[in-house]
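Once you know that position 30 of the sequence shown is 30 in my numbering, the rest is easy, because the numbers rise by one and skip nothing.
Down below is the structure, laid out as structure tokens.
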Amino acid sequence: MGFGIMEVIMLVTFYGVPALILYLLFLYLKRIGERLERVERMLEKPKK
Numbered sequence: 001m002g003f004g005i006m007e008v009i010m011l012v013t014f015y016g017v018p019a020l021i022l023y024l025l026f027l028y029l030k031r032i033g034e035r036l037e038r039v040e041r042m043l044e045k046p047k048k
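As structure tokens, then:
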């Protein structure tokens with residue numbers, strides 16, 4: 001899943017800066033999604 005530096009350089013070379021922005025946006029959204037899932041799991045647990 002993890003992209004190396006070479007893959008990022010190739011992406012920018014072939015597709016330009018918009019591809020880099022989209023890639024960073026994808027990582028950002030993925031991180032937010034994981035955080036939201038964690039919060040939902042915490043909320044689902046019955047509070048004691």
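Cβ atoms here follow ideal geometry from the backbone N, Cα and C, with glycine treated the same way.
Below 6 Å CB to CB, which residues in the same chain sit around LEU25 once its five sequence neighbours on both sides are set aside? none
Express the C-alpha separation of ARG35 and TYR23 in angstroms, rounding to a whole number. 19 Å
Mapping DSSP to helix, strand and coil, what is PRO46? coil
Which class does GLY33 belong to by DSSP, given the choice of helix, strand or coil? helix
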